[in-house]
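Read through the structure below, which is laid out as structure tokens, and then see the notes.
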Amino acid sequence: MMAPRRVVITGLGVATPIGIGAESYWEALLARRCGVGPVRSFNADGLPCRIAAELPEFSLNDAIPKSYRKAAKVMSRDTQIAVVCAYHAVKDAGLVTACLIGRGESPGPPNVDAARFGANIGAGLVCADLAELAGALNTAVDDAGRFSHRLWGSAGMENLTPLWLLKFLPNMLACHVTIVHDAQANSNTITCGEASSHLAIGEAYRTIARGSADLCICGGAESKVNPMALTRPLLLGKLNTESNPDPSRACRPFSEDAAGTVAAEGGGLIVLEALEHAHRRGARIYGEIVGFGAASNAHSWSRPDPTGRPVELAVRAAMKEASVRPDDVDLVVPFGAGIPAYDASELAGWNAVLGDSARKPWAVCVKGSLGNNGAGSGAIDLATGVLALHHRTVPPSLNAASPPGFRFASSDPADARLNVLVSVTYALAGSQVAALVVRRIQE
Amino acid sequence: MSRRVVITGLGWVTPLGHEIETVWKRLLRGESGVSRNELFDAAAYPTTFAAQVKGFRLADFLGPAAEAHAGASRNTQFALAAAHIAWKDAGFVRTPPADPARIGIYLGGGEGPIDFDAFAEAAIAGCREDDGRAIPLDTIRWAHRALQRLNAVNELEQDPNLAASHLAVHFNVQGPSLNTLTACAASTQAIGEAMHMIRHGDADAVISGGTHSMIHPLGVTGFNRLTALSTHNEDPPRASRPFDRNRDGFVLGEGAGMIVLEELEHARSRGAKIYAEIVGFGSTADAFRITDIHEEGRGAIAAMRMALETAGLTIDDIDYISAHGTGTQENDKIETLAIRRLFGARAPRVPISSVKSMLGHLIAAAGVVELITCILAIRDGVVPPTINYETPDPFCELDYVPNAARPHPVRTAMSNSFGFGGQNDAVIVRRFDS
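In the order they appear, the protein sequences are chains A and B. Here the first sequence is numbered in my numbering, starting from 774 and rising by one per residue. Here the second sequence is numbered in my numbering, starting from 2 and rising by one per residue.
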């Protein structure tokens, strides 16, 4: 068997409520900006939670060739976010893809072989546009004011555009991204809630390591700021409903007074690449993925395991593969939902692994600034950690309280020699957990 | 030599029944599971029929343990039942795996259906004034009714990873757990990725497969609006006609299929029965258009080729192909073209069938159910028919095993699945040979 190839990170593309693109995101993070505020995209006055972390305005047209504008009409918000992330990731990696050539940003030819370029993108439960669907359903109401299948089947459904369904298939994120950038190799869509992007990145790492592709664009994106997506965690008691007047303090990971998470939108896609491929084209290398581990919560599909065992198993597996001992860990990137039972479970897992470490690693958790967007959260977390390694700076973690095991940079960014990071994410609904280990490469 | 991966358990819940052997016999007899839609009032919809799972009760499979999953979606319940059959078949009900952290799950599970009545009621309430006058959606009015009518458990169970999550709890699986949702290719994708997961050493055994039910108002609406469904309402059992010239779309089915994939030495050490070996997997993107398949079958050819390469096999090794064969004009034509291009002169000599002609299209669960038929074809030396094949299509001139099962020795079989948006997957299974 061929020795597994080494896999490195060469591009970061993020869309976050405090900045789009890795550079502007990093600056906003250092400036302690918070992206949580009153919901802007629809009138949320009827809901007990009226705050969210929404993206700043962006132009999709800046991320696609002109020839693709028509297809943009069938993109959900989730897909748009993924497409924007992909553009930034590819640019950041110095790749010349069909998109950049089509946009006239590069004369070409592409510096990536489409047949060796894959995509592995995490997605959530993509929500229908409620205004569109509700408006259509309202055309099929009988005299008693009730929905009628007969009226709907015979005429009402025609109020939905023919391509309606295609907008909401989760694999549309990957499909649009692969079309826009011409990535024809291995393609997958992981739908495991907040664990999606780590699982997708881990799988892409394996795909490149075994030689099936040379590059992969991977991560995830989701928007949880629409009436249906916001109502779902609300009914499940996961959102903070007490901080409407004080949004910037709403999500408080690992805090004693944590009162729930904040719904968000966002995404992160990273370019993973075989080391020799990156060297050949002289690419900047952020770090090397050296470990991936996953586990599942066999305790419950709707509640965290209080013992933290699933987190422990995933982190242990990733660290074992990376040959990293607890003392080697410089930076911890926890998920930190800001929901007490989940935070406690996660901490129990981390402590089980790092508990006997003599040193207290740095940590960064961005949920206080960005909220939780679901499938894209993990990729943003990982990108944050990778940027910290790259800049050798621990950015502040808004509203996060340092637990006994590790320390957040609470106010000012801290300078630190950071070489190894461990990041974990888990599904808030469901049982999936995944962890990644990244090591800085000396250049 | 990398770790070899074998199949040690099979289970399914299908429109033709829930037992491996009885469903297999019915498929070989060419029976159809398609009938009038009885899951909701679809009489006025463009399509009034579907391939439904009938007479299903989770307690028949799990006994009293089914109670814990009472709130689970139809998808998840199918998944639990099919996984139970496969798990038992693999011998894991009697003797559970020694190390649960070395067992994984990789499903292609669909999203759970929304509670349509409650959803529609809230939607309508949001679009009407008190006097009944229609208005653009008022989210305050909507929220008022939605918070009353929508149910937390049902909302939770819609997440596509929930079937895998219920499985983790029921079977005490503590290793890696994933769910992919690459539309109609999902369970083939799941099985292929699970093979790599075991080969790499991330797990020693994986429950893999898929589950889906889209026979609900919004599912049928979505496919009807795409004009992807057959509207052959006058004779539902004859509606699904893959590769026939007069095909007019696919028939929506539902169900689940699960297999236990296991590392060879792990299976041997516990004396497990081995059905077949999984040897190849290919996954590609058309990267062409959201609405159309690449005209030349570029992605499909690349996926089949990648599957052959991973298996270290050539086209001459393939004895049988289980086609994606949906019964839409476009799919069947381009799949045929892709097979022709890749297999060249050998193409007409490889029997190809589409069991979607009998089971309908199980969407995310289609691939695994079809792969199970490949495994049974290897075991029994017989290939299932493509029923309702009457009028040859000049664009589809291969051997589709028309209307009657056929004795045919199969050592190696390929199963294709293609998804909306240009997702292509192919898996290869082979008779186990130590």
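Every residue, glycine too, gets a C-beta built ideally from N, C-alpha and C.
Any chain B beta carbon closer than 8 Å to residue i
i: VAL847 (chain A); result: yes
i: ILE963 (chain A); result: yes
i: TRP1123 (chain A); result: no
i: MET945 (chain A); result: yes
i: GLN1205 (chain A); result: yes
i: ARG979 (chain A); result: yes
i: ALA892 (chain A); result: yes
i: HIS949 (chain A); result: yes
i: LEU1048 (chain A); result: no
i: PRO838 (chain A); result: no
i: ALA1208 (chain A); result: no
i: ALA1161 (chain A); result: no
i: LEU1045 (chain A); result: no
i: ALA904 (chain A); result: yes
Three-state secondary structure (DSSP) of residue i
i: TRP937 (chain A); result: helix
i: ASP865 (chain A); result: helix
i: MET848 (chain A); result: coil
i: THR1166 (chain A); result: strand
i: LEU1048 (chain A); result: helix
i: SER1196 (chain A); result: strand
i: GLY140 (chain B); result: Reading off the sequence, residue 140 (chain B) comes out as Thr, not Gly. Residue state, collapsed to three classes: helix.
i: ARG306 (chain B); result: helix
i: ARG58 (chain B); result: coil
i: TRP1074 (chain A); result: coil
i: MET215 (chain B); result: coil
i: ALA1036 (chain A); result: strand
i: ARG342 (chain B); result: helix
i: VAL356 (chain B); result: coil
i: CYS397 (chain B); result: strand
i: ARG431 (chain B); result: strand
i: SER323 (chain B); result: strand
i: PHE920 (chain A); result: strand
Neighbourhood of residue i by C-beta distance below 7 Å, restricted to the same chain and skipping five residues each side
i: LEU343 (chain B); result: ILE302, MET305, ARG306, ILE316
i: LEU59 (chain B); result: ALA67, HIS70, GLN78, LEU81, ALA82
i: ALA43 (chain B); result: THR49, VAL221
i: ILE837 (chain A); result: ALA845, VAL856, CYS872, VAL953
i: HIS325 (chain B); result: ASN332, GLU336, ASN417, SER418, PHE419
Residues near residue i by beta carbon distance below 6 Å, same chain, minus five either side
i: ASN944 (chain A); result: THR962
i: ILE854 (chain A); result: ALA788, ALA994, GLY1040
i: VAL847 (chain A); result: LEU936, LEU939, LYS940
i: ILE86 (chain B); result: GLY12
i: SER996 (chain A); result: ARG850, ASP851, GLU1038
Within-8 Å CB hit, residue i to chain A
i: LEU227 (chain B); result: yes
i: LEU138 (chain B); result: yes
i: VAL17 (chain B); result: In the sequence as presented, Val is not what sits at residue 17 (chain B); that position holds Leu. Judged by the 8 Å Cβ criterion, LEU17 (chain B) is not in contact with chain A.
i: VAL207 (chain B); result: no
i: ASP42 (chain B); result: yes
i: PHE1 (chain B); result: Given that chain B is displayed from residue 2 to residue 435, the structure contains no residue 1 (chain B) and the question cannot be resolved.
i: ALA414 (chain B); result: no
i: TRP88 (chain B); result: no
i: SER166 (chain B); result: yes
i: PHE224 (chain B); result: yes
i: ASP160 (chain B); result: yes
Proximal residues to residue i (C-beta, below 8 Å), its chain only, five neighbours per side dropped
i: GLY40 (chain B); result: For the record, residue 40 (chain B) in the displayed sequence is Leu; it is not Gly. Here the set comprises ALA51, GLN53, ILE216, HIS217.
Short-range partners of chain A found in the region 365-380 of chain B, where Cβ spacing is below 7 Å | none
With 7 Å as the C-beta to C-beta threshold (strictly closer), list the residues of the region 908-934 of chain A near chain B in chain order.
-> GLY908, LEU910, ASN911, VAL914, GLY918, PHE920, HIS922, ARG923, GLY926, SER927, MET930, LEU933
Name, going along the chain, the residues of the region 281-292 of chain B whose beta-carbon falls closer than 9 Å to a beta-carbon of chain A.
-> GLY283, SER284, THR285, ALA286, ASP287, ALA288, PHE289, ARG290, ILE291, THR292
Please list the residues of the region 1051-1081 of chain A that have a C-beta atom closer than 9 Å to any C-beta atom in chain B, keeping them in chain order.
-> PHE1065, GLY1066, ALA1067, ALA1068, SER1069, ASN1070, ALA1071, HIS1072, SER1073, TRP1074, SER1075
Contacting positions in the region 952-976 of chain A - beta carbon closer than 7 Å to chain B = ILE952, ASP955, ALA956, GLN957, ALA958, ASN959, SER960, ASN961, THR962, ILE963, THR964, CYS965, GLY966, LEU972, GLU976
Name, going along the chain, the residues of the region 815-826 of chain A whose beta-carbon falls closer than 9 Å to a beta-carbon of chain B.
-> PHE815, ASN816, ALA817, ASP818, GLY819, LEU820, PRO821
Taking a cut of 8 Å between CB atoms, which residues from the region 35-63 of chain B lie near chain A?
-> PHE41, ASP42, ALA43, ALA44, ALA45, TYR46, PRO47
Chain B contacts from the region 867-890 of chain A (Cβ-Cβ distance under 8 Å) = ALA887, ALA888
Cβ-based contacts, 9 Å cut-off: residues of the region 1004-1031 of chain A near chain B | THR1004, ARG1005, PRO1006, LEU1007, LEU1008, LEU1009, GLY1010
Residues of the region 393-426 of chain B with a CB closer than 7 Å to any CB of chain A: list them in chain order, please.
-> GLY420, PHE421, GLY422, GLY423, GLN424
What beta strand (DSSP E) runs, 3 residues minimum, are completely inside the region 135-198 of chain B?
-> 178-180
Going along the chain, which residues of the region 167-199 of chain B sit with their C-beta nearer than 7 Å to a C-beta in chain A?
-> HIS167, ALA169, VAL170, ASN173, VAL174, GLN175, GLY176, PRO177, SER178, LEU179, ASN180, THR181, LEU182, THR183, ALA184, GLN190, GLU194, HIS197
Where the region 987-1003 of chain A meets chain B: residues whose CB sits under 7 Å from a CB there | PRO1000
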